[in-house]
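Take a look at the structure set out below.
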Amino acid sequence: MLSALAAGAIAMSSLTGPVTPPPTTEMVIDVVQANGSGCPKGSAEVTVSPDNKAFTVSYSKFIAQIGPEAKATDFRKNCQLALDVLVPSGYTYAVAGADYRGYASLQEGVTASETAFYYFQGEQHTTKIKHDFVGYFEDEWQRTDQVEMSSLSFLDCGEKRYLNVNTELKVNAANADKKVTNWITMDSTDGSLETIYHVAWMKC
1 MLSALAAGAI AMSSLTGPVT PPPTTEMVID VVQANGSGCP KGSAEVTVSP DNKAFTVSYS
61 KFIAQIGPEA KATDFRKNCQ LALDVLVPSG YTYAVAGADY RGYASLQEGV TASETAFYYF
121 QGEQHTTKIK HDFVGYFEDE WQRTDQVEMS SLSFLDCGEK RYLNVNTELK VNAANADKKV
181 TNWITMDSTD GSLETIYHVA WMKC
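In terms of this note's numbering, the sequence shown opens at residue 1 and continues consecutively.
Following this line, the structure appears as structure tokens:
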């Protein structure tokens, strides 16, 4: 279970005010589904912050790679989470941003990317944010998605929709020596790294 999230841009007539402090009643989130090559069953966990300002996803098998030991499909990995969010009465929410962390090992000139999509089930609006990496790169990395206040997409008050979060890692084979492994991951050798999603709240 977890709590707090979302992002996008649609004005809702049922919203009566600006972004507000988080409610004191805990927001509860259940992971309905975790699908994708980047999050095999049991390899992604979600927890909620006590202050209702964020929720965290931890991955243990999320790695994209190219090279002699990689499969043809390993250059791209993704993980889509469907989250069932129970919102305290009188509030709605949006994903305001996210902090992604991981490790990458890229030869000179080799590129990779991390892309995230946020959207509510059945809604046309999708927030997409992409970050690029260029080798030579051999280090931990951290990237932050920040959604402008005017672009926050709040769930319409009273609506019951899953929040979908789809994250992708990709390594481009161009300029790569086929004898060398190039990779990017959302975990590390000393344990899982966390992706933190920040939440904005609004009173209905």
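Glycine is no exception: its CB is placed at the ideal position from the N, C-alpha and C atoms.
CA-CA distance, Gln121 to Lys128, rounds to 15 Å.
Per DSSP, reduced to three states, the secondary structure at Asn182 is strand. By the neighbour-count criterion, in which a residue is buried when 16 or more other Cβ atoms sit within 10 angstroms of its Cβ, Ser105 is buried.
Per the DSSP secondary-structure output, Gln124 pairs with nothing in a beta bridge. Between Phe154 and Thr92, the gap from beta carbon to beta carbon is short of 8 Å. For Phe62, no beta strand (DSSP E) segment is defined, and its DSSP state is neither H nor E. If you check the CB distance, Pro23 and Asp51 do not come in under 8 Å. Nearest C-alpha to Asp132 among Val28, Gln142, Gln124, Thr126: Gln142. With contacts defined as CB atoms closer than 8 Å, Leu169 and Glu114 qualify as a contacting pair. Inter-residue distance for Lys203 and Thr167 is about 29 Å (C-alpha atoms, whole angstroms). For the 8 Å CB-CB criterion, Gly97 and Phe62 do not form a contact.
For a cut-off of 8 Å, the C-beta gap from Tyr136 to Thr126 is around 33 Å, too long to register as a contact. Straight-line measurement puts the Cα of Ile29 at about 22 Å from the Cα of Thr144. According to the DSSP secondary-structure assignment, Gly102 is paired through a beta bridge with Trp141.
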